[in-house]
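J.: Which chain is which? The protein sequence lines are P and L, in order. Residues in the first sequence are numbered consecutively from 2, following this note's numbering. Residues in the second sequence are numbered consecutively from 39, following this note's numbering. Glycine included, every Cβ here is placed at the ideal spot set by N, Cα and C. Once you've had a glance at the structure underneath, I'll fire off some questions.
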Amino acid sequence: MSDDKTLAETLAQRGISRRSFLKFCASIASLMAMPPAMAVEMAEKLAAARRQSVVYLSFQECTGCLESLTRSHSPKLEDLIFDAISLDYQETLVACAGHFAEHILKEAIEKNDGKFILMVDGSIPLKDGGIYSTIAGRTNLDILEWVAPHAAAVIAVGSCAAFGGIPKANPNPTGAVAVSDIIKDKPIINVPGCPPIPVVITGVIAHYLTMGTIPDLDELGRPKVFFGDSIHDRCYRRPFYDQGKFAKSFDDEGARNGWCLFELGCKGPTTHNACATTKWNGGVSFPIESGHGCLGCSEPDFWDAGSFYTALSAPTKDVANWAAIGVAAGAAIGVAAGIANRSTKTETKRTRKPLTVDDLKGKPKS
Amino acid sequence: MSTSLQQGLAAMIDKIDAPIASFFNSCVHCGMCADACLFYTETGDPKYTPIHKLEPLRKVWYREFTLEGRLLKMFGLAKAPTDAELVEWETLIYDSCTLCGRCSMVCPVGNDIVYMVRKVREGMVASGHAPAGLKEATVRSIEIGSPMGVTADTLRAQIKHAAKDTGLDIPLDKAGVDYLLLMSSAEIMQFPEFMGAAAQIFHQAGVSWTLSSTAYEATNSGMQIGSSELAAVLVKRIVDAAEKLKVKTVISPECGHAYTALRWEGPNLVGRPFTFKVKHILEVLDELRAEGKLRTEGLETERMTFHDPCQLVRRGGVHDQPRNLLRMVAPDYVEMEDAGNMNWCCGGGGGVSANERAEPLRIKVFSRKKKQLDKIGVSAMVTACSNCRNMLEEGLEHNHMDIKVLSLTELIAEHLAK
Numbered sequence: 002m003s004d005d006k007t008l009a010e011t012l013a014q015r016g017i018s019r020r021s022f023l024k025f026c027a028s029i030a031s032l033m034a035m036p037p038a039m040a041v042e043m044a045e046k047l048a049a050a051r052r053q054s055v056v057y058l059s060f061q062e063c064t065g066c067l068e069s070l071t072r073s074h075s076p077k078l079e080d081l082i083f084d085a086i087s088l089d090y091q092e093t094l095v096a097c098a099g100h101f102a103e104h105i106l107k108e109a110i111e112k113n114d115g116k117f118i119l120m121v122d123g124s125i126p127l128k129d130g131g132i133y134s135t136i137a138g139r140t141n142l143d144i145l146e147w148v149a150p151h152a153a154a155v156i157a158v159g160s161c162a163a164f165g166g167i168p169k170a171n172p173n174p175t176g177a178v179a180v181s182d183i184i185k186d187k188p189i190i191n192v193p194g195c196p197p198i199p200v201v202i203t204g205v206i207a208h209y210l211t212m213g214t215i216p217d218l219d220e221l222g223r224p225k226v227f228f229g230d231s232i233h234d235r236c237y238r239r240p241f242y243d244q245g246k247f248a249k250s251f252d253d254e255g256a257r258n259g260w261c262l263f264e265l266g267c268k269g270p271t272t273h274n275a276c277a278t279t280k281w282n283g284g285v286s287f288p289i290e291s292g293h294g295c296l297g298c299s300e301p302d303f304w305d306a307g308s309f310y311t312a313l314s315a316p317t318k319d320v321a322n323w324a325a326i327g328v329a330a331g332a333a334i335g336v337a338a339g340i341a342n343r344s345t346k347t348e349t350k351r352t353r354k355p356l357t358v359d360d361l362k363g364k365p366k367s
Numbered sequence: 039m040s041t042s043l044q045q046g047l048a049a050m051i052d053k054i055d056a057p058i059a060s061f062f063n064s065c066v067h068c069g070m071c072a073d074a075c076l077f078y079t080e081t082g083d084p085k086y087t088p089i090h091k092l093e094p095l096r097k098v099w100y101r102e103f104t105l106e107g108r109l110l111k112m113f114g115l116a117k118a119p120t121d122a123e124l125v126e127w128e129t130l131i132y133d134s135c136t137l138c139g140r141c142s143m144v145c146p147v148g149n150d151i152v153y154m155v156r157k158v159r160e161g162m163v164a165s166g167h168a169p170a171g172l173k174e175a176t177v178r179s180i181e182i183g184s185p186m187g188v189t190a191d192t193l194r195a196q197i198k199h200a201a202k203d204t205g206l207d208i209p210l211d212k213a214g215v216d217y218l219l220l221m222s223s224a225e226i227m228q229f230p231e232f233m234g235a236a237a238q239i240f241h242q243a244g245v246s247w248t249l250s251s252t253a254y255e256a257t258n259s260g261m262q263i264g265s266s267e268l269a270a271v272l273v274k275r276i277v278d279a280a281e282k283l284k285v286k287t288v289i290s291p292e293c294g295h296a297y298t299a300l301r302w303e304g305p306n307l308v309g310r311p312f313t314f315k316v317k318h319i320l321e322v323l324d325e326l327r328a329e330g331k332l333r334t335e336g337l338e339t340e341r342m343t344f345h346d347p348c349q350l351v352r353r354g355g356v357h358d359q360p361r362n363l364l365r366m367v368a369p370d371y372v373e374m375e376d377a378g379n380m381n382w383c384c385g386g387g388g389g390v391s392a393n394e395r396a397e398p399l400r401i402k403v404f405s406r407k408k409k410q411l412d413k414i415g416v417s418a419m420v421t422a423c424s425n426c427r428n429m430l431e432e433g434l435e436h437n438h439m440d441i442k443v444l445s446l447t448e449l450i451a452e453h454l455a456k
């Protein structure tokens with residue numbers, strides 16, 4: 002699949018003008034909070050870049066992330082950028098099958114050893130020796146541990162690869178873990194979301210191609226430029242929240258007026274993603290704009306964070322029970338302290354003689 | 039063994055209670071109590087910060103009643119106060135605290151610092167570190183019946199004088215009356231007019247009253263020295279007499295701490311509710327006024343002010359009564375700055391007046407009262423506490439200030455309608 006054409010040549014072949022390409026670079030640059038001058042530099046660097054080799058491994062996943070990246074909407078620049086990279090191995094997209102496909106993977110690794118970007122989609126099951134997800138008879142763990150050491154960097158695509166996702170949801174029957182739980186010695190960029198926003202993926206790749214580095218990451222390994230703000234902070238319905246105007250059901254006056262969905266369970270305030278800024282389907286809309294609260298899919302363990310329709314302010318766990326236990330424990334400690342203090346006092350009272358006038362006169366006690 | 043460090047520490051452990059624990063826990067070390075204390079404001083010495091005066095008690099509490107303190111004690115790291123420390127603190131706790139309670143008023147977390155000082159004194163007296171003057175006064179109270187050594191015979195002699203002066207019968211040990219009037223030794227010995235004044239007022243009001251030959255002394259040195267055990271002995275004397283005579287109400291005279299000791303601490307000291315009411319003489323006079331039984335004539339021409347005794351106004355809530363009474367006879371009545379709940383102490387309450395060692399300091403801090411008085415320019419100051427009267431007179435004399443100090447009860451008696 003790989004050839005020696007530059008990105009600019011590939012794009013030209015596809016009928017993408019330099020003007021459109023610059024526009025793309027400018028939008029990526031602004032999205033990533035780079036200075037405007039960077040857009041031109043980025044365009045030049047990207048245009049001159051040889052196609053970056055990418056190996057895409059699919060583990061315990063639903064292929065939704067790949068769908069999002071490749072087929073979200075009819076040809077757009079980011080799809081073409083994605084096209085224009087040298088996607089050397091992707092088992093869903095690869096033309097051949099069986100031993101040939103596995104041979105291609107081996108070849109890709111050897112050819113670009115230490116240079117390719119490894120994209121991982123899906124979590125890795127560890128329970129029972131990892132038998133719950135295997136490819137060509139090898140467990141996901143085995144494959145990851147084989148491929149990852151040869152990669153330049155790892156991009157964990159989607160919430161499953163980034164945090165374990167839905168496979169890891171309670172009770173986690175397969176013992177699913179995230180890429181970062183296994184790979185410790187490679188830079189890992191988490192691009193969570195169920196699925197993630199396509200432009201975030203292309204943005205990260207563009208950053209890598211332009212700068213040769215990975216972008217600044219937050220404490221969860223997510224690129225800060227895309228995951229720095231919460232959905233809530235960037236939500237167009239935020240003014241209603243500030244005014245205390247809430248939809249109480251999906252079909253009341255508040256819902257029709259487009260008021261805040263907080264009370265209907267919107268997880269926007271605790272979710273960090275770029276949905277409210279980049280939106281989906283070519284900037285058409287995003288869940289809240291369509292009238293449904295955010296599910297919080299780009300946050301760890303979002304599946305176990307209580308009902309999608311329970312307000313964030315409501316407890317998700319059995320608080321009453323734990324509170325009762327806490328009160329009982331506190332009372333027990335209090336009683337114990339009380340008994341200890343009482344014994345101190347009782348002992349003192351027993352041994353102490355009350356003060357008398359003789360004491361004041363300095364006479365010995367009879 | 040009579041008094042010792044061990045006895046002192048044991049007394050503190052014995053007297054530390056839930057309020058003390060919560061107060062020490064709550065203290066945020068803001069230091070606001072310093073500016074409320076006249077010993078600090080008039081000297082500027084930080085050692086007079088009220089909460090600092092409690093350090094020995096805090097140490098005992100921390101070591102005996104907190105988990106951290108107990109653990110440290112196990113390893114010998116939490117030290118109990120030493121005898122040398124108690125010696126150092128004796129002057130802080132007895133000479134520079136009049137139990138006036140101004141600090142309790144300003145504490146932002148509501149710590150009753152006076153309550154805490156009382157507990158420190160429990161340990162101080164049990165460890166033998168109480169001032170000699172207070173010890174002697176307490177011994178006289180217990181053994182003779184009065185801190186100044188006034189006996190029942192002295193009382194009888196004064197009754198004779200008062201009866202002769204007023205031409206009225208002054209009942210002694212009369213059962214079944216409305217009021218049992220207590221006296222303070224200062225009133226019996228230094229201000230004998232008080233007895234006659236009370237007799238005239240009660241006569242005009244037509245209420246029945248009596249004095250008692252066994253419970254004539256209202257003051258409670260046990261409370262001042264800080265021994266709840268000795269204070270209880272003195273309170274019990276009054277309770278026994280009042281119950282034997284079956285009086286409805288016991289009147290605490292013009293004395294501050296006597297009222298606190300009997301009314302607020304009394305039932306706790308003897309361990310049961312009283313069968314009678316306890317009221318301050320000003321409360322009784324104001325009730326009689328409200329009922330129309332107290333009628334006066336003639337007005338004072340002098341500019342006057344009222345000095346609120348700390349124990350009455352702050353600890354007892356007797357605020358409006360003296361003002362109601364004073365307005366009956368003194369049209370040119372003005373208030374001092376900080377009058378009422380935040381009035382400044384005369385400097386000699388809480389046993390300080392019985393402590394000779396404290397005299398220079400007490401005279402020094404009178405500067406606060408002087409500042410209050412200088413602003414209003416009065417020629418007479420009325421009060422309702424014999425101890426305040428003594429202290430104010432001394433302070434005024436020392437500062438060459440020509441201001442008379444009057445008893446409110448006596449002032450009212452002088453104006454009784456004929």
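Would you kindly report the start and end of the unbroken beta strand (DSSP E) that includes Ser-54 (chain P)?
T.: 54-59
J.: Assuming Leu-444 (chain L) is part of the beta strand (DSSP E), what are its boundary residues?
T.: 442-445
J.: As a quick exercise: from P:Ser-291, P:Thr-135, P:Leu-356, pick the residue whose alpha carbon is nearest that of Gly-259 (chain P).
T.: P:Ser-291
J.: Going by the beta-carbon positions, is the gap between Gly-331 (chain L) and Thr-287 (chain L) smaller than 7 Å?
T.: In the sequence under discussion, the amino acid at residue 331 (chain L) is Lys, which differs from the Gly named in the question. Cβ atoms of Lys-331 (chain L) and Thr-287 (chain L): not closer than 7 Å.
J.: What span of residues does the beta strand (DSSP E) with His-318 (chain L) cover, start to end?
T.: For His-318 (chain L), the enclosing beta strand (DSSP E) stretches over residues 315-318.
J.: Write down every uninterrupted run of the alpha helix (DSSP H) in the segment 197-227 of chain L whose length is 4 residues or greater and which is fully enclosed by it, in chain order.
T.: 223-227
J.: Keeping to the same chain, check which residues put their C-beta closer than 6 Å to that of Lys-442 (chain L); ignore five residues upstream and five downstream.
T.: Ala-418
J.: Just checking, does the segment 97-108 of chain L make contact with the segment 163-183 of chain L on the three C-beta pairs under 8 Å criterion?
T.: no
J.: Under 6 Å: does the beta carbon of Pro-188 (chain P) sit that close to some heavy atom of the ligand GDP?
T.: You won't find the ligand GDP in this model; it holds no ligand whatsoever.
J.: Residues of chain P with CB under 8 Å from Ala-48 (chain L), in chain order?
T.: Thr-349, Thr-352, Arg-353
J.: So Ser-69 (chain P) packs on Pro-197 (chain P), CB below 8 Å; how close in whole Å?
T.: That pair is a contact at about 7 Å.
J.: Taking only the alpha-carbon atoms, compute the straight-line gap between Gly-331 (chain P) and Ser-64 (chain L) and give it to the nearest angstrom.
T.: Going from the Cα of Gly-331 (chain P) to the Cα of Ser-64 (chain L) covers about 19 Å.
J.: What does the alpha-carbon distance come out to for the pair Glu-184 (chain P) and Leu-145 (chain P)?
T.: What sits at residue 184 (chain P) in the sequence shown is Ile, not Glu. Between Ile-184 (chain P) and Leu-145 (chain P), the C-alpha separation is close to 8 Å.
J.: How about the segment 133-153 of chain L and the segment 339-358 of chain L: do they share at least three Cβ pairs that are nearer than 8 Å?
T.: The count of Cβ pairs closer than 8 Å, one atom from the segment 133-153 of chain L and one from the segment 339-358 of chain L, reaches three, so the stretches are in contact.
J.: For a test of the three-state rule: what should DSSP assign to Pro-76 (chain P), helix, strand or coil?
T.: Low confidence applies to Pro-76 (chain P): its pLDDT is 48, below 50, so where it sits in the model is not reliable enough to give any reading.
J.: Are the beta-carbon atoms belonging to Ser-124 (chain P) and Gly-159 (chain P) less than 7 Å from one another?
T.: no
J.: So, under 8 Å CB-CB, Val-277 (chain L) and Asn-258 (chain L) are touching, yes? Tell me the CB distance rounded to an integer number of Å.
T.: The pair is not a contact, with the Cβ atoms about 12 Å apart (cut-off 8 Å).
J.: Determine the burial state of Ser-75 (chain P): buried for a count of at least 16 other Cβ atoms within 10 Å of its Cβ, exposed for fewer.
T.: Caution applies to Ser-75 (chain P), whose pLDDT of 46 falls short of 50 and renders its modelled position unreliable; the value that the coordinates give is listed next. The residue is exposed, with fewer than 16 neighbouring Cβ atoms inside 10 Å.
J.: So, helix, strand or coil for Ile-276 (chain L), using DSSP?
T.: helix
J.: Sorted by chain position, which residues of the same chain lie with C-beta nearer than 8 Å to Lys-366 (chain P)'s C-beta, five sequence neighbours on each side aside?
T.: At Lys-366 (chain P) the pLDDT is 44, less than 50, meaning the model places this residue with poor confidence; the figure from the coordinates comes in the next sentence. Lys-354, Thr-357, Asp-359, Asp-360.
J.: If you measure from the beta carbon of Val-358 (chain P) to each beta carbon in chain L, is any gap under 7 Å?
T.: Yes, Val-358 (chain P) counts as interfacial toward chain L.
J.: State the beta-bridge partners of Glu-255 (chain L) as determined by DSSP.
T.: L:Met-221
J.: Provide the residue span of the beta strand (DSSP E) that contains Val-155 (chain P), from first to last.
T.: 154-158
J.: Could you confirm whether any beta carbon from chain P is found closer than 7 Å to the beta carbon of Ser-265 (chain L)?
T.: yes
J.: Identify, in the order they occur along the chain, each residue of the same chain with its Cβ nearer than 6 Å to the Cβ of Lys-430 (chain L), setting aside the five sequence neighbours on each side.
T.: Contrary to the premise, residue 430 (chain L) reads as Leu rather than Lys in this sequence. Cβ neighbours of Leu-430 (chain L) beyond the five flanking positions: Cys-384, Val-443.
J.: Quick one, are the C-beta atoms of Gly-386 (chain L) and Arg-400 (chain L) less than 7 Å apart?
T.: yes
J.: Which one of L:Met-221, L:Ser-222, L:Tyr-217, L:Val-271 has the shortest CA to CA distance from Met-245 (chain L)?
T.: Contrary to the premise, residue 245 (chain L) reads as Val rather than Met in this sequence. Taking only the C-alpha atoms, the option nearest Val-245 (chain L) is L:Tyr-217.
J.: Could you confirm whether any beta carbon from chain L is found closer than 7 Å to the beta carbon of Asn-342 (chain P)?
T.: Yes - at least one Cβ of chain L is within 7 Å of the one on Asn-342 (chain P).
J.: Using a cut-off of 8 Å between C-beta atoms, extract the partners of Lys-185 (chain P) located in chain L.
T.: At a beta-carbon threshold of 8 Å, none of the residues of chain L lie near Lys-185 (chain P); the nearest stands roughly 41 Å away.
J.: Step through the CB atoms of chain P and report whether any lies within less than 7 Å of the CB of Phe-489 (chain L).
T.: With chain L covering only 39 through 456, there is no way to say anything about residue 489 (chain L).
J.: Would Phe-295 (chain P) be called buried (16 or more neighbouring beta carbons within 10 Å of its own) or exposed?
T.: The sequence given here has Cys at residue 295 (chain P), not Phe. By the neighbour-count rule (16 or more Cβ atoms within 10 Å), Cys-295 (chain P) is buried.
J.: Would you mind sorting Arg-257 (chain P) into buried or exposed? The rule is 16 or more other CB atoms within 10 Å of its CB.
T.: exposed
J.: Is any beta-carbon of chain P found at less than 7 Å from that of Thr-447 (chain L)?
T.: no
J.: Compare the beta carbon distance of Leu-8 (chain P) and Ala-50 (chain P) with 7 Å and say whether it is the shorter of the two.
T.: In this structure, Ala-50 (chain P) lies closer than 7 Å to Leu-8 (chain P) by Cβ.
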